[in-house]
Structures are given as C-alpha cells and as structure tokens.
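Following the UniProt record's numbering, the numbering of the sequence shown begins with 1 at its first residue and continues without gaps. C-beta: ideal position from N, C-alpha, C; glycine also.
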Amino acid sequence: MGEEVAKNVEAAVEVSPPLPTEAPKPAPSVPAKDVAVEKSVIPPAAEEKVEETKALAIVEKVADPSVGKSSSTSADRDAVLARVETEKRMSLIKAWEDSEKVKAENKAVKKLSGITAWENSKKATIEAELKKIEEALEKKKAEYAEKMKNKIAMLHKEAEEKRAIVEAKRGEDVLKAEEMAAKYRATGLAPKKLFGCF
C-alpha cells in the first residue's frame, strides 16, 4: 500500500525544465548530490503511519540534465561554461587583489623600516653632538672651577699677607707705645694726647 502512495506522488509531481533566460548562479564548491539518494521516499517507521492515516508524502525529483531537449542542454552547457568562466575571472581578480594588498603591505613595511632607521641615525647623531657639547661644557666647567680655586687661593694668600702686615704694624705700634710710655715715665712728663678720640 505504501508503494502505491509513493507511485501516485511521483506521478503527480511535475518537473519544470529550467528557463534559459535565468541568470546563471555560482556553483557551490561542494559537488551536487543526487537529491533522490539523499531523501528517502518514505522513512521505514512512517510506512505504518501512511497505511493508518492515508497521508501523502511529496517527493521532489531532480531532472537529469541529459534527459530533455537538445536546445535546453546546449543552453544549460552554455550557462555552466559562463558560470565557470565567471568564477575563473573572479578567482583571478581575487588573487590579483591579494597580491596587490601584499605588495602594498610590504612597501609600507619597507618604508616604515627606512623611516625608523633614518630616525635612529639622526637620533644617534644628535646624541653624539649633545655628548660632545656636554664634555666641552664639563671641560670648561673644570677649567673655570680651577681658575676660581686659583683666584680663591690668591685672595687667601693676599689676605694672609695683609693680616701679617697688620699684625706686624700692630706689634710695631705696641712697641712704640711701650717705648713712649717708658720715656714718659723716665722724664715724668705726661703725653700730650691721651686718646685719639678726644
């Protein structure tokens, strides 16, 4: 009984041939499988239900490309060839695009590395110049420090000499005062000036 239902359904399904005016669709990368093989007509468990409920199952049939009019197969062949040609052209365009992107990326990387090398070179030159200037400044600083130390030493020496002169003068003045005091004592006369402030 299930076989009769399947035959009735198969007879009822009409397959319409593809229209030649339709635009070709890109073929999937996975090869097409026979639809009749993939879809079973009636599952084994469903046979009993079909008898009980008398339900009809719709079965899709795919027309074999070799069966049909010669003009439709020629049109199908032309459509397939056009689709293959389009896919080939698209893959070439994609490969060219990828190649150009890689070229642009490599060119940019090369220029960036050149810029980095140029920057490092200029930076090293400037740092060397700065170090040279710092060394010259350190040398001048040391020379000026030495000159200042020499000046300080000369000032100290002059100050010591002046102090010695002042001490010597003080000693002479003290001796002179003692001699004058002794002379006044000996003569009994009083000095004319007692203090310089009066």
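Assigned secondary structure, residue i (DSSP; H/G/I helix, E/B strand, else coil)
{"i": "Leu155", "result": "helix"}
{"i": "Leu175", "result": "helix"}
{"i": "Gly114", "result": "helix"}
{"i": "Ala190", "result": "coil"}
Expected contact under 8 Å - CB spacing of residue i and residue j to nearest Å
{"i": "Tyr184", "j": "Ala177", "result": "Tyr184 to Ala177, Cβ: 10 Å. No contact."}
Contact set for residue i: own chain, Cβ-Cβ below 6 Å, skip 5 residues either direction
{"i": "Thr86", "result": "none"}
{"i": "Val80", "result": "none"}
Proximal residues to residue i (C-beta, below 8 Å), its chain only, five neighbours per side dropped
{"i": "Met180", "result": "Pro191"}
{"i": "Thr187", "result": "none"}
{"i": "Ile93", "result": "none"}
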